[in-house]
Every structure is written in C-alpha cells, then in structure tokens.
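Participant:
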Amino acid sequence: MTWRDLMCGEVRPEHAGKRLVLAGWVDTRRDHGGLVFVDLRDRTGICQLVINPERAPEAAEAAHAVRNEFLLRAEGDVAPRVPEAVNPSLPTGEVELQVDRLEIVSRCPPLPFQLDEEGVDETLRLRYRWLDLRRPKMQRNIELRARLVSTIRRVMEGDGFLDIQTPLLFKPTPEGARDFIVPSRLQQGRFFALPQSPQILKQLLVVGGFDRYYQIAICFRDEDLRADRVQEITQLDVEMAFPDQEFLFGLMERMCAEVWRDCSGEEVETPFQRMTHAEAQARYGSDKPDLRFDLPIEDATAATRGSQFGVFANAACVRFLRAPKAFSRAELERLEAFAKEWGAKGLAYLVFAEDGEVRSPIAKFLSGEELALFRSEPGSTALFGADEPAMVARVLGALRLLLGRELQLVDESAWRFVWVTDFPMFEWDEEGGRWKAVHHPFTRPAPGSEAFIGTDPGAATALAYDLVVNGIEIGGGSFRIHEPGLQAQVFAALELTEGEQRRKFGFLLEALSMGAPPHGGIAFGIERMLMALCREPNLRDMIAFPKNQAGVDPMSGAPSEVEEELLEELGIQLRTQPE
RNA sequence: GGGGGCGUAGCUCAGUUGCGGAGAGCGCUCGCUUGUCAGGCGAGAGGCCGCCGGUUCGAGCCCGGCCGUCCCCGCCA
14 MTWRDLMCGE VRPEHAGKRL VLAGWVDTRR DHGGLVFVDL RDRTGICQLV INPERAPEAA
74 EAAHAVRNEF LLRAEGDVAP RVPEAVNPSL PTGEVELQVD RLEIVSRCPP LPFQLDEEGV
134 DETLRLRYRW LDLRRPKMQR NIELRARLVS TIRRVMEGDG FLDIQTPLLF KPTPEGARDF
194 IVPSRLQQGR FFALPQSPQI LKQLLVVGGF DRYYQIAICF RDEDLRADRV QEITQLDVEM
254 AFPDQEFLFG LMERMCAEVW RDCSGEEVET PFQRMTHAEA QARYGSDKPD LRFDLPIEDA
314 TAATRGSQFG VFANAACVRF LRAPKAFSRA ELERLEAFAK EWGAKGLAYL VFAEDGEVRS
374 PIAKFLSGEE LALFRSEPGS TALFGADEPA MVARVLGALR LLLGRELQLV DESAWRFVWV
434 TDFPMFEWDE EGGRWKAVHH PFTRPAPGSE AFIGTDPGAA TALAYDLVVN GIEIGGGSFR
494 IHEPGLQAQV FAALELTEGE QRRKFGFLLE ALSMGAPPHG GIAFGIERML MALCREPNLR
554 DMIAFPKNQA GVDPMSGAPS EVEEELLEEL GIQLRTQPE
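Residue 265 in our numbering sits at position 252 of the first sequence; the count goes up by one each step and never skips.
#1: Restricting to Cα atoms, I'd like to know which of Leu238, Ala339, Arg56 and Leu308 is closest to arginine 332.
#2: So, at 6 Å on beta carbons, what are the nonlocal neighbours of tyrosine 598 in its own chain, with the 5 sequence-adjacent residues on each side left out?
#3: Tell me the rounded alpha-carbon separation between leucine 182 and glutamate 252.
#4: Excluding the 5 residues preceding and the 5 following threonine 41 in the sequence, name in chain order all residues of the same chain whose CB lies nearer than 6 Å to its CB.
#5: Within the same chain, show all residues whose beta-carbon is closer than 6 Å to that of asparagine 100, passing over the 5 residues directly before and after it, in chain order.
#6: Using 9 Å as the threshold, is the C-beta distance between tryptophan 38 and glutamate 82 below it?
#7: Specify, as a first and last residue, the run of the beta strand (DSSP E) that isoleucine 64 falls within.
#8: Contact check, alanine 501 vs arginine 305 under 8 Å by CB: the rounded distance?
#9: Decide if asparagine 13 is buried, meaning its Cβ has at least 16 other Cβ atoms within 10 Å, or exposed.
#10: In chain order, what residues of the same chain have a beta carbon less than 6 Å from the beta carbon of aspartate 424, not counting five sequence neighbours either side?
#11: Quick check on the DSSP output: the alpha helix (DSSP H) that includes proline 497 runs from which residue to which?
#12: Can you give me the start and stop residues for the alpha helix (DSSP H) that alanine 395 sits inside?
#13: Jot down the residue ranges of each uninterrupted beta strand (DSSP E) in the region 99 to 182, minimum 3 residues, whole runs only, in chain order.
#14: Which residues in the same chain have their Cβ closer than 7 Å to the Cβ of threonine 186, if we skip the five residues on either side of it in sequence?
#15: If you draw a straight line from the alpha carbon of leucine 412 to that of glycine 369, how long is it in whole angstroms?
#16: Drop a sphere of 10 angstroms on the beta-carbon of proline 16, count the other beta-carbons inside from all chains shown, and report buried for 16 or more, exposed for fewer.
#17: Using CA atoms only, rank isn't needed, just tell me which of Phe504, Tyr478, His453 and Phe387 is closest to alanine 467.
#18: How is valine 481 classed by DSSP in three states: helix, strand or coil?
#19: Tell me, to the nearest whole angstrom, how far the beta carbon of valine 451 is from that of alanine 545; I am working on the premise that it is less than 8 Å.
#20: Among the candidates Tyr297, Glu280 and Val281, whose CA atom is the shortest distance from the CA of methionine 288?
#21: Just checking, does the region 568 to 577 make contact with the region 257 to 270 on the three C-beta pairs under 8 Å criterion?
#22: According to DSSP, simplified to helix, strand and coil, what is glutamate 463?
#23: Using CA coordinates, which residue listed in Ala293, Ala92 and Phe255 is at the minimum distance from leucine 409?
#24: Measuring alpha carbon to alpha carbon, tell me which residue in Val112, Glu97, Leu363 and Pro104 is nearest alanine 87.
#25: Between isoleucine 246 and arginine 234, what straight-line distance do the alpha-carbon atoms span, to the nearest angstrom?
#26: Do glycine 488 and leucine 175 have their C-beta atoms within less than 9 Å of each other?
#27: Using only CA atoms, which one of Ile494, Leu509, Thr456 and Ala385 lies nearest to glycine 445?
#28: By DSSP, does lysine 449 sit in helix, in strand, or in coil?
What follows is the structure, given as structure tokens:
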C-alpha cells in the first residue's frame, strides 16, 4: 500500500485518467447529503476530492463523518472537471479526484482557532504551534527560510568559504549583551556562557589557518524582546583573512542578490548604495535609514546662528524636515507630543498653507534669509529640531519614519539596500561613566584613527559597516585588530585593566601574538533577512518555535523548574523561588 | 526598570451616559440537501464579561491592585 503517489498541489490535467492515491489534511468539507466534496491539503496545495455514494458507498459513509483537519488517504481516478465546475483560483482547479476508497488516517477535534482566520491571538498560535504551522503563511515562511539558508551556503561555498561549527558552551562575553549561562556539573561553581556570536572563535579560526570561514550560527542574547528581536537568533557568520572591503561587500551583495532572486523572484540592483554613519545620522536621523522614501533632514545650524529666535540661536544644532502636507493645529499638537516622547523639548514649525499663507508662532522672529531657506511649496510644513546633534537626529529620525508611514510616502514595492560605513569606534556610556565599543572591542580603527584611541576616543572612526535594507539592519561587521599591542590599547580605552584583559581575553591576545593574519568579516541576521523579504513586522513568524515577549514558550511551558536533586548535583541553591 | 493598548462564547469582535434580560459573524452539534469550492436551508448548544478588592440600591461598563499578552522606551558589543 502506498500512502500517496503525488502531493495534493501537484495534480494536473495531464494526470486525468490515472489512478492516484493522495494523502493530506481536510481543509474544508462540503457535504451535499449525497455528493461530498473535500479539499485535501498538504504543503504543496489543495486538491478537490469528490465522493459519490453511487460510485463508492463506503467512502461516502466515511466522508460524512469527516471533519476539518482530519488526515485522509484517498484512492481514486483523476478526472477533468466539467467546464462549469473548474475553479480558476486553484492550480489544481481543472481536475478532481473521483474517490473509490477513503481512509480516515487521523482524527482531529474542533480546533482551538480557525486556521483560515488572520489576527488570531499570538499566544494561542504559539500554544498550538503545530496547528499554526499548517497555515499557508507559516508554511511559506519556513520554506523560505530553508531556501534562504540553502542559497547562502551555495554562494559562500562557491567562493571557497568553509563551514565550521563552533561550541555553544563557551565563555561569558564582557561588554555587549547579557549572557545566558550554563552551570558546569564537573566544575562546580563555574559556568559556561552561550555565545552572543562566535566572534572570538571565528577570529581564532582565521588565526588557525582557515582563511575563509562561514557558519549558520545560533547566537544567544539575554535581553528584553521586541517585535523584531528575540533572544535566540540565527546568523550567517563570516570571517576571512586578508580582507578587502570591495571583495567582501561584493560577495555579500551577490549573496543578497541570489537570496532575493531565489526567495522573492525579484532582481535587486548591485552594487548597493553606500553612506557614512555621519551622513545617515544627519540626513536620516538613524544608523539604519529607510530609503524607500525621500524626506531628508536638512541642516539649518549655520543659517540660524544669529537668529532672533533664541531657541534656534542657542541650540547646538538646528535641522528640519519639509513634510509634504500643511498640518492643522491639532495635527501639529500630536506631532509635538510625539517629538516630546522622543526627548524633544518642543516642535517648532512653519506651515506653508495652500493659499500661500505662512502659519507659525515663530515666523515673526525669523529673518528674511531664514524664511527664504525654510520656504517650501504651498501645502507643506517645515518641522524643526533644535538641540544637541544626537537628540535632533533621534527626534527628527523618528518623526521622519512616522511621516513616511502616515503620509504614505513609502514605496512598498522597493528594495533599498544601503551600506552604512565609517561607524565611530566608541560611544560614551553615561550610566557606566566610560567609553563603550560601538561595534565590539575587536574592531579595527580606520587608518589615521589609531592616535585618537588614547587621547580622544570619541573622534576615532572604525572599519565597521552595517547593511540595511528598507530601514532594517540585516547585517554588520568590521575589520579586526590583529596586533596584540593595538588590541591592548583599545581594551585600555574601554577601561579594562591588564588583569581583566589577561583573564577575559588572554587567549585571544596570545593568539594575536602568534602570527595572526589581518582579518575581518560580517554577520547577517537570518530572521531579519526573512522579515525584510516577507515584508512582515513580526520576527517570531520567521521561526518555527519561537518564545513570546516574556521569553516563555507557551507550547512547552519552558523555561521550567528543575528537580532539587539536579540543582544539588550542580551545586546551585536558588535565591528566588519561582512563582 | 518605565510608558501605552488589549483581556466579553472555541475564534474574531460589538456592547452608548451604570437598571430590559449578554449580542453578532465564523466555528461547533443535529436534521435536510448530488456539482460545491466563503456550499445552501433549518434547528440548537455554548458565557466566574481575566482575577481580587472598592464605589453604588445596582458594575461587563466607574476606581484601585494583581495577572496574562502585544507594542514602544531603556537595554540589545
């Protein structure tokens, strides 16, 4: 006995007259009392079964008992449908299976939610993920994920990159995200950490002579979650010796182009646009600019130095957006409230009404030259940010995205890739009162920036880059430091004492001292790429079994308590009892 | 750690200013139906209105707390 000869979605007119066995889930049943129609579904699609009591009385009997999501095995003859009965919305719509034998393989109770309904509560979907995964959208996402990984492997291996696995039980990472830790039974009181990325290990692989490495690596970061952030992610991790930025960018562009072609059928243009981090911040208020719409931030700092409007004259930086709409008072109040949520003190504006009138409480303070600079076409509004440059970028960047969305400026069919380059090496950490690495502590300073490391860390630029598509950061990387002396300088700027350096990174510094080649690489978030490809805002839908925002798996209930004996073996005593 | 939204039938939701009993669509159950594909027609079952407390003669609705969940800020080299 065969379970099936063909997949449900594969039945075509050319099979007419053939005897076939199909197996699948009941998508819908239409019971006419006599004739029964069943849409049989599997991963590939749907095929209509016709059960006629005159042809197969036993099958008809069984068909009346069939319910949604029963698993059936049906044996019969493929027949062309009469012209009136053809369903053009199905690829299999010209044929149907005239059933002789119908077997109920597995039964199913009424479902906790309807598989054909959108907007079902996510907890419920995750609780019954095995049902949720049957939905066409999830089938597509998971298939797309497999195809994407397959394409990546093909491209990387085509260029001589070697797939090498690195351990999941490793060492805590100072700096960076919070680590997930794993207690060691054999070394009581000590802990492994799950890797936030294989960063150090991939550098050591290159030092070890594997000059082109890649891995589809699982990475763990114990931080709070978001729609586009989970604790357990998958990365394409890449590292190479003797890196050349043009080669690396070219390779990654080719990888993306192949992935997009294989996964969406669309051609993306290469090479990708490039933009410095400084320009991204100034013109788009973001390090991951969404270039699917224009609306750049314009600078007015120089023009407002002598302004009669004190807020402008005294601000370190004045910039503005020209929104293509003359906003009403109420709308401006809402925009101001939005700006304040992002840290602005207020939101100055000039409304250029359709009738040519300028409406603004600040217009009377502005000089002719200032007004001339801000002047925009009738039916628009200039919206100002005046503050420290970082705050202006933050506020206007957020406002730009809001306007892009609400005024429907976004070209929803576009793929706008952009490399963001020349990131700063360090940023000041207010909380910790010290400098922090923007990328990571192994990032190479740009030529000429080495001198700033000890003297003016904020001025040092890094050989670090991100790849952004449609405002989503999908990848990022850098060239690394291969000189132990330079690495020690960077650690010193991060205020790691020599003792800490030795204890935490001694093995890396030692490796760098033993003939380390120049090296560099990049990592891509697999789920982020899929999110972009699917144009879906929820990263969890790119994962077969994700956890919810609280880090809980509603299906299995993980994380769960462990037996007291296990804790004892590990030498662990709980300070807090689970609720 | 903080802010916001949501929580009413299995699912998605509606429930005006607090007093007439808690409703719709889908799903489910039963019956009828031989060309449907959102099948049709008829009948029916199904509710600690998230939980606890308060205000009130009276709470699904007002107030407070808690829980769950989603979104955002912080955080995420």
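For every residue, glycine included, the Cβ atom is placed at its ideal position computed from N, Cα and C.
Facilitator: The short version:
#1: Residue mapping note: residue 332 aligns to position 319 of the first sequence, counting from 1. For the residues Leu238, Ala339, Arg56 and Leu308, the minimum Cα distance to arginine 332 belongs to Leu308.
#2: In the structure displayed, the chain extends from 14 to 592; residue 598 sits before or after that span and is not available.
#3: As a first step, residue 182 is located in the first sequence; it is residue number 169 there, counting from the start. As a first step, residue 252 is located in the first sequence; it is residue number 239 there, counting from the start. Roughly 20 Å between the two C-alpha positions.
#4: Taking the first sequence and counting its residues from 1, one reaches residue 41 at position 28. Result list for threonine 41: Asp52, in chain order.
#5: As a first step, residue 100 must be located in the first sequence, where it is residue number 87. Annotation for asparagine 100: Gly106 place their beta carbon closer than 6 Å to its own, counting only its chain and skipping 5 residues before and after.
#6: The sequence position of residue 38 within the first sequence is 25, counting from 1. The sequence position of residue 82 within the first sequence is 69, counting from 1. Cβ atoms of tryptophan 38 and glutamate 82: closer than 9 Å.
#7: Within the first sequence, numbered from 1, the residue matching residue 64 stands at position 51. Where isoleucine 64 is concerned, the enclosing beta strand (DSSP E) stretches over 58 to 64.
#8: By one-based count along the first sequence, residue 501 stands at place 488. By one-based count along the first sequence, residue 305 stands at place 292. Cβ atoms of alanine 501 and arginine 305 stay farther apart than 8 Å, at about 44 Å.
#9: Absent from the model: residue 13. The displayed extent of the chain is 14 to 592, so no value can be given.
#10: In the first sequence, the residue the question calls residue 424 occupies position 411. Result list for aspartate 424: Arg305, in chain order.
#11: Against the first sequence, residue 497 aligns to sequence position 484. First-last of the alpha helix (DSSP H) with proline 497: 497 to 506.
#12: Against the first sequence, residue 395 aligns to sequence position 382. Counting along the chain, alanine 395 falls outside any alpha helix (DSSP H), though it belongs to the beta strand (DSSP E) covering 393 to 400.
#13: As far as the region 99 to 182 is concerned, its whole beta strand (DSSP E) runs of at least 3 residues are 108 to 119.
#14: Numbered from 1 along the first sequence, position 173 holds the residue referred to as residue 186. Asp192, Ala206 and Gln209.
#15: Here residue 412 is taken as the residue at index 399 of the first sequence, counted from 1. Here residue 369 is taken as the residue at index 356 of the first sequence, counted from 1. Between leucine 412 and glycine 369, the C-alpha separation is close to 25 Å.
#16: Translated into positions along the first sequence, residue 16 becomes position 3. A small fix is needed here, since residue 16 is tryptophan in this sequence, not proline. Taking all protein chains shown into account, tryptophan 16 has fewer than 16 neighbouring C-beta atoms within 10 Å of its C-beta and is therefore exposed.
#17: Taking the first residue of the first sequence as position 1, residue 467 is located at position 454. The residue asked about is misnamed: residue 467 is glycine in this sequence, not alanine. Nearest of Phe504, Tyr478, His453 and Phe387 to glycine 467, Cα basis: Phe504.
#18: For the purposes of this step, residue 481 is identified with residue 468 of the first sequence, where counting begins at 1. Looking at valine 481 - three-state DSSP - the assignment turns out to be strand.
#19: Counting from 1 along the first sequence, the entry for residue 451 is found at position 438. Counting from 1 along the first sequence, the entry for residue 545 is found at position 532. Wrong, their Cβ atoms sit about 23 Å apart, outside the cutoff.
#20: For this step, residue 288 is matched to residue 275 along the first sequence. That would be Tyr297, whose Cα lies nearest to the Cα of methionine 288.
#21: no
#22: Reading the first sequence from its first residue, position 450 is the one you call residue 463. In the structure shown, glutamate 463 sits in coil (DSSP, three-state: anything other than H, G, I, E or B).
#23: Here residue 409 is taken as the residue at index 396 of the first sequence, counted from 1. Checked all of Ala293, Ala92 and Phe255; the closest Cα to leucine 409 is Ala293.
#24: Your numbering for residue 87 matches position 74 in the first sequence. Nearest C-alpha to alanine 87: Val112.
#25: Start at 1 with the first residue of the first sequence, and residue 246 comes out as number 233. Start at 1 with the first residue of the first sequence, and residue 234 comes out as number 221. Roughly 8 Å separates the two Cα atoms.
#26: Taking the first sequence and counting its residues from 1, one reaches residue 488 at position 475. Taking the first sequence and counting its residues from 1, one reaches residue 175 at position 162. Glycine 488 is not a Cβ neighbour of leucine 175, given a cutoff of 9 Å.
#27: By 1-based counting over the first sequence, the position of residue 445 is 432. Comparing Cα-Cα distances from glycine 445 to each of Ile494, Leu509, Thr456 and Ala385, the minimum goes to Leu509.
#28: Against the first sequence, residue 449 aligns to sequence position 436. Correct three-state label for lysine 449: strand.
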